[in-house]
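Here the structure comes first, spelled out in structure tokens, and everything after it is commentary.
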Amino acid sequence: MELIDTSAVAHAILDAPGWAGVGITASSSFRREDAALELARVIADAVDAPVSAPPPEQSTLPL
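Per my numbering, the very first residue in the sequence shown carries number 368; after that it's consecutive.
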């Protein structure tokens with residue numbers, strides 16, 4: 368079973384469109400559902416994203 372990086376999820380939520388964060392508390396159910404789906408999409412994309420290697424212009428320091 369793969370563990371989900373909670374830090375990646377938190378960053379995904381913060382990077383989600385603002386309307387999704389506000390919409391999750393909306394009084395109408397269709398807006399809450401749209402917002403929840405958008406947040407879920409952003410989180411799923413962040414969790415499924417491959418771990419990126421450092422950019423080539425960033426040198427690594429020897430240990």
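Glycine included, each C-beta is placed from N, C-alpha and C at the ideal position.
Assign residue i to one of two classes, buried (16 or more other C-beta atoms within 10 Å of its C-beta) or exposed (fewer than that).
{"i": "G390", "result": "buried"}
{"i": "A383", "result": "buried"}
{"i": "A379", "result": "buried"}
Out of the options, which has the shortest C-alpha to C-alpha gap to residue i?
{"i": "D373", "options": "I410, L428, P429", "result": "The identity of residue 373 in the sequence shown is Thr, whereas the question assumes Asp. Checked all of I410, L428, P429; the closest Cα to T373 is I410."}
{"i": "G445", "options": "L428, L406, S394, A413", "result": "This structure cannot speak to residue 445, because the chain is shown only from 368 to 430."}
{"i": "V376", "options": "D412, L404, L428, P429", "result": "D412"}
For the putative contact between residue i and residue j, defined by C-beta atoms under 8 Å, what is the C-beta separation to the nearest angstrom?
{"i": "A402", "j": "A393", "result": "7 Å"}
Does DSSP put residue i in a helix, in a strand, or in coil?
{"i": "A377", "result": "helix"}
{"i": "L406", "result": "helix"}
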